[in-house]
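Quick note: the sequence shown, position 81, residue 83 per the working numbering, numbers continuous. We put the beta carbon where it would ideally sit given N, CA and C, even for glycine. The structure presented is a predicted model; accordingly, all values stated were derived computationally and were not measured. A short write-up of the structure that comes next.
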Amino acid sequence: MKNGDVTKLYKKNDVIESYTQWSAVREAAKAQLFQQANSNAMKNGLNIASNTPGKSLTAVQGQAIGTAGLDVSIAELPEGLYVLAAGSTLPRGLSLSSDGKITGTSLTSGTYKIKVVGTSAGYIATVSEHTIIITPEF
């Protein structure tokens, strides 16, 4: 930014003198919008936190889960996008689609506890925990 090249705000002619300050203002505004979006969801009866019961799946190692798979999507989260939470790992051979379906053929056995993050409109988010039990192939 060149000297003297500043942006005037509409409130009290405050002046932003650096990109760092501008970035801080933007981040604060984003946080406020996120908080407002989630608050409005609660006011409108969309209480996602209490509506996210965990689901479980039992399958056999080496056999396909099926075309329906395990649906971890949440009906109360319109047009939700789903991803694994940080630290969660699916059994090798399984995958989670963005619409909340776990499908595939597990190549490993064991019990897996996973967390899935569902997000709608980029603001309203919830985390649900699920259990996948893969029994060894005999």
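Residue i, DSSP secondary structure in three states
i      : result
THR133 : strand
SER122 : strand
VAL74  : coil
SER100 : coil
LEU86  : strand
LEU109 : coil
LEU59  : strand
Pair within 8 angstroms by beta-carbon distance, residue i and residue j
i      : j      : result
THR107 : ALA66  : yes
GLU102 : SER58  : The sequence shown places Gly at residue 102, not Glu. Their beta carbons are not under 8 angstroms apart, which means GLY102 does not touch SER58 by this criterion.
LEU98  : LEU92  : yes
GLN63  : THR137 : yes
Residue i to residue j span [Cα, whole Å]
i      : j      : result
VAL129 : VAL118 : 6 angstroms
ALA123 : LEU79  : 10 angstroms
THR110 : ALA87  : 20 angstroms
GLY68  : ALA26  : 48 angstroms
GLN23  : ALA30  : 11 angstroms
Residue i, enclosing beta strand (DSSP E) - first and last residue
i      : result
GLY106 : 103-106
THR91  : Premise fails: THR91 is in no beta strand (DSSP E) and is neither H nor E.
Within-8 angstroms CB hit, residue i to chain C
i     : result
PRO93 : The displayed structure is made up of one protein chain only, and chain C is not part of it.
Residue i - partner residues in DSSP beta bridges
i      : result
LYS115 : THR133
THR128 : GLY120
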